[in-house]
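Asker: In full-length UniProt numbering, the protein residues as written are 1 to 685. Got a structure here, written out as C-alpha cells. Questions coming.
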Amino acid sequence: MLLSLNLIVRNEEHFLPSCLESVKSWVDEIIVVDTGSTDRTIPIAESYGAKVFRIDWEKDFSKARNAAVVRTRADWILVLDADEQMTGDLQTLKKTLKTTELEAFWLDVENVTGSLPHERVYHRSLRLFRNRPQYRYQGPIHEDILPSIEKRNGSIACIGTSGLSLLHFGYLPEVQEQKEKAKRNLSILQQAVKDHPKSSYYRYHLGVCYEQLGMDRDAVKLLEQALKSAPPEVSYRPTIVKDLSKLLIKTAAFPQAVKLLEKEKHKYEDYPDLHYYLGVAYTAVHQEDMALRSFQTAVGASPSRSYLTESGTHSFRSYLGMGNIAAKWSAYRDALKFYLDALKHCFYSKEAFVGIADVLIALNKTEEEIVKELLHIVSPNFQPDSPTYPLRELCEISIGEALFDVGCYRASREVLNSYLARSPRIREWIALSLIREGEIQEAHRLAEPISASEAPDAPLLFHTLLLNSLEKAVPIPAYLSDWMTRQPEAAFYARLFEQLRTHAEISEEDSDYSYLLFIKPLLHLAIQMQYPVVIDRLTGLTPAFRPFTAKMLFYEGYVDQAADRLLTVMETEPLDGESFYILGLVLYDRSRWQEASMLFEQALSLDPEDRKARTAAALCYLQQARSIVQEALERIPEAALLQANLQKLNLSIELVSKSDWRPHWRGVQRRNYHEACRHFAVHDR
1 MLLSLNLIVR NEEHFLPSCL ESVKSWVDEI IVVDTGSTDR TIPIAESYGA
51 KVFRIDWEKD FSKARNAAVV RTRADWILVL DADEQMTGDL QTLKKTLKTT
101 ELEAFWLDVE NVTGSLPHER VYHRSLRLFR NRPQYRYQGP IHEDILPSIE
151 KRNGSIACIG TSGLSLLHFG YLPEVQEQKE KAKRNLSILQ QAVKDHPKSS
201 YYRYHLGVCY EQLGMDRDAV KLLEQALKSA PPEVSYRPTI VKDLSKLLIK
251 TAAFPQAVKL LEKEKHKYED YPDLHYYLGV AYTAVHQEDM ALRSFQTAVG
301 ASPSRSYLTE SGTHSFRSYL GMGNIAAKWS AYRDALKFYL DALKHCFYSK
351 EAFVGIADVL IALNKTEEEI VKELLHIVSP NFQPDSPTYP LRELCEISIG
401 EALFDVGCYR ASREVLNSYL ARSPRIREWI ALSLIREGEI QEAHRLAEPI
451 SASEAPDAPL LFHTLLLNSL EKAVPIPAYL SDWMTRQPEA AFYARLFEQL
501 RTHAEISEED SDYSYLLFIK PLLHLAIQMQ YPVVIDRLTG LTPAFRPFTA
551 KMLFYEGYVD QAADRLLTVM ETEPLDGESF YILGLVLYDR SRWQEASMLF
601 EQALSLDPED RKARTAAALC YLQQARSIVQ EALERIPEAA LLQANLQKLN
651 LSIELVSKSD WRPHWRGVQR RNYHEACRHF AVHDR
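Structural data, given as C-alpha cells:
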C-alpha cells in the first residue's frame, strides 16, 4: 500500500465531502480520527471507505495526529484537514513516491481568506512524509512533524518540493466565526506557554490568538517577546516580524512599525510583505518618499513559498500605494500609470478604479468621460474568449461602486442596475445613488426589503433616508421606524426625536458621551448630504457641535460654509489650533500669504508640535519671497541672481508642497472644494 490520507475531525460535515472528493481517486487508504463529532461527519467519512477511529479530545493536536499515524499501513502519509482540498497532479506524485529517496515533501498552501480571487495568503507546509516509527508530531497545538524528521536524518535536506497545492478554507470569516477557533485555541496555547516558557513558537501563536480576540495590547507584548527570543534560523521568525508590524500599524504605532521593519528588512530582502507594510507605515507617518521606495522594493521582490505571503503585496497592493502617493503629489500621469499597473494584476480592483476616476476628476473630465475611460480600460477582459471573462460581473460592480465613491452617482446607478437582484449591498448602493439624484420614493422602494435583512452596511442607507425625512419635514416611513426600534441604539433614536421635536438642547447632565458619539455620525452624514436644516438642528443640540460641524464641512470640501461657521464661532468663543489652521488654508488658496501665515502662526502658538501648521507657515513665507522676486524681475528681467533665486524658490515650494501639510481632496470632496473656491469671499469680522 503506497499512500494513506490522515485526517482528524470533529463536526466537519460541511467541508469533509469536498476534501475527500479531492483525493479519493489517488489514496489507497483513508484514516480518520474523530474527536467527538455530533453531526454527520462519521457517516460521511465511512461512505468514502474511511477507517474511522473515535478518541477522546485531550486538548492536544499532536496526540490526535499521532493516533492516525500509528494506525496507518501505507508507506507514505498525506495529512490534510477537513477544510482543505488537494489540487495538482497526484498521479505523477505517486510515481515519484515509488522511486524517490527523499523522506518528505512540502506542499504549497493557498489559504482562502475571502470571496474575491485576490483574497489569499500563501505558505508551504510539510504534509507528505514516509510512514516511519520515528516520525511523530510534536506540540499540543500548531503541531509539527518536521523536528522528528530532521532528528532522524540530521538535516532537512531529505525534504523535497512536491509541486502540489492545497486550498485551505478555514480562514474564511464565516468559518472562523462558526468554529470560534481563537477561543478554542486560547486555553491550549496559554498552557503551552506555561509548560514551555522559553518557547518563542508558542508565545508567537498565543500573541496571534490574542489579536484575533481583540486583545491587541497583550498581542503586541507577546509578539515582541517571541521575536526577541526566536532563533535567527527558525522558519517562522519572518512571519513574526510581519505579524508584529501589521499589529503595530493596526494600533497606530506607526513609528514603531517603521523602526521594526527597517531593522529586519535586510534579513529577508526577498520577502515582499515586509517592504509593503514598511511602505504602509511610512505613508502613515507622512514620509511618502520613503514609502514610495518601499513599495517599489516590494514590487521587485520575487515571492517565495518559504514565507507566509499575502496576495498582492508584491503587485497590485504596492502599485496602489504608489498611485495614491503620486496622486497626492499631483503627479497625475505617474498616478495613472501606477493604477493601471495595479489593474494588470487585479483587474477588478475597486481601489484602482477610484484612483483613476479621482485623477480624471482632477483633470476636469466629465462624468461621461470618466465612465467611458474606465470601461475602455477593462474592455479587453470582457471579451468572451478572455480567461477573465467569468469575472466580468465582479469588475463592473467594482466600477459601479468606485463611481459612487467619487460622486458620479447617476453613472454608478446605471452600471449597477444590471446587478440589482444580486445582493442587498448592491441594492443599497443603487438606493443611495437614487437619493443623491432626488429619487426618494424609488430609494424607499428599494430600501424597505433590505430593512428586514442582515445587510451589514444598511445603517448608511437607512440613516440617509431618515435624515432626508427630517430635512423635508415629512413623516418617517413605518419600515424605518420599525428598523430603528430593533437597533441597540433604539433609546437614542427616541431621545433624539424628542429633543428635535421640542427644540431642546442637550443639558450638561444629559450629555453622556455615548449619546454624543451616536449623534456625531448622523451630523457628519447630514454634512455629506448637504441637508442644511438637519445640520443646523443637530448642531444646535449642544455648543460642542459648532466647531465640529465647521471642521467636517471643511474636510468634506465645503470650504465657504466651514469658514463662515468658524468665523461665527470665533465671535463667542476662542478657536482651537485646528480651526486657525483651516482658516489659514482658506486664505492660502486665495494667495493671501501674509494673512494666512498669521493664522498658521496662531495655530502653532496653541500647539508648537503641529507639523502641518508649521509646514503651511513655511510655504506662506516661501510664496511671499517668490512674489517679491517676481516683482523685482519684472523691473530688472536681466538680473541673473534674481532668476537663480526664483528657480530655487520654485523648487522649494514644489518639494515642500509634496509633504502632507493639507487635506488631500479626492472624488466628490475635490468637486465640492473647487466649486467652493470659486464663490467664497473672506469676510472681515
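Backbone N, C-alpha and C fix where the C-beta goes; we use that ideal spot for every residue, glycine too.
1. Just the Cα atoms here: how many angstroms apart are residue 551 and residue 582?
2. With distances taken from CA atoms, which of 75, 29, 8 is nearest residue 42?
3. Taking only runs that begin and end inside the stretch 116-168, name each unbroken beta strand (DSSP E) of 3 or more residues, in chain order.
4. In the structure shown, what three-state DSSP assignment does residue 58 receive?
5. For residue 51, list the residues DSSP reports as bridge partners.
6. Are the C-beta atoms of residue 525 and some chain B residue less than 8 Å apart?
7. Restricting to Cα atoms, I'd like to know which of 367, 23, 49, 114 is closest to residue 671.
8. Would you say the stretch 335-351 touches the stretch 386-395, given that touching needs at least three Cβ pairs under 8 Å?
9. Rounded C-beta distance between residue 257 and residue 281? I'm assuming under 8 Å.
10. State the DSSP-derived secondary structure class of residue 74, mapped to helix, strand or coil.
11. On the criterion of 16 or more Cβ atoms from any shown chain inside 10 Å, does residue 483 qualify as buried, or is it exposed?
12. For the stretch 58-72 against the stretch 95-107, do three or more pairs of beta-carbon atoms, one drawn from each stretch, fall closer than 8 Å, so that the two count as touching?
13. Any contact between the stretch 560-579 and the stretch 589-597? By contact I mean 3 or more CB pairs, one from each, below 8 Å.
14. Assuming residue 164 contacts residue 84 under a Cβ cut-off of 8 Å, what Cβ separation, rounded to an integer in Å, is found between them?
15. Is the stretch 107-116 touching the stretch 131-147 in the sense that three or more CB pairs, one from each, lie closer than 8 Å?
16. State the beta-bridge partners of residue 8 as determined by DSSP.
17. Where does residue 99 fall in DSSP's three states?
18. Please state the DSSP three-state secondary structure of residue 105.
19. Please list the terminal residues of the continuous beta strand (DSSP E) segment that includes residue 86.
20. Compute the Euclidean distance between the alpha carbons of residue 13 and residue 44, then round it to the nearest angstrom.
21. Let me confirm a value: residue 154 is counted as buried when at least 16 other C-beta atoms fall within 10 Å, else exposed. Which label applies?
22. What does the alpha-carbon distance come out to for the pair residue 565 and residue 633?
23. I'd like to know if the stretch 334-342 and the stretch 318-326 are in contact, where contact means that at least 3 CB-CB pairs between them fall below 8 Å.
24. Whole angstroms are fine: how far does the CA of residue 64 sit from the CA of residue 239?
25. If you draw a straight line from the alpha carbon of residue 116 to that of residue 426, how long is it in whole angstroms?
26. Per DSSP, residue 309 is paired with what?
27. Give, in chain order, every unbroken run of the alpha helix (DSSP H) that is at least 4 residues long and sits entirely within the stretch 295-371.
28. Quick one: Cα of residue 66 to Cα of residue 33, how far?
29. Expressed to the nearest angstrom, what Euclidean distance is found between the alpha-carbon atoms of residue 125 and residue 24?
30. Put residue 110 into one of helix, strand or coil per three-state DSSP.
31. Are the beta-carbon atoms of residue 275 and residue 298 separated by less than 8 Å?
32. Are there 16 or more other CB atoms within 10 angstroms of the CB of residue 493, so buried, or fewer, so exposed?
33. In angstroms, rounded to a whole number, what distance separates the CA positions of residue 684 and residue 547?
34. Since residue 287 is in the alpha helix (DSSP H), which residue starts that stretch and which ends it?
35. Where do the ends of the alpha helix (DSSP H) carrying residue 432 lie?
36. Tell me, to the nearest whole angstrom, how far the beta carbon of residue 5 is from that of residue 93; I am working on the premise that it is less than 8 Å.
Answerer: The answer reads as follows:
1. 8 Å
2. 8
3. 120-130, 159-168
4. coil
5. 31
6. Considering every chain present, this structure includes no chain B. It has just one protein chain.
7. 367
8. yes
9. 4 Å
10. coil
11. buried
12. no
13. no
14. The pair is not a contact, with the Cβ atoms about 12 Å apart (cut-off 8 Å).
15. no
16. 33
17. helix
18. strand
19. 84-87
20. 7 Å
21. exposed
22. 41 Å
23. yes
24. 26 Å
25. 16 Å
26. 122
27. 316-328, 332-345, 350-362
28. 10 Å
29. 21 Å
30. strand
31. yes
32. buried
33. Any answer about residue 684 is weak, because its pLDDT of 44 lies below 50 and its placement is not dependable; what the coordinates show is given next. One C-alpha to the other measures close to 19 Å.
34. Segment: none, residue 287 is in no alpha helix (DSSP H) and carries neither H nor E.
35. 424-436
36. Actually they do not touch by this definition, with Cβ atoms about 13 Å apart.
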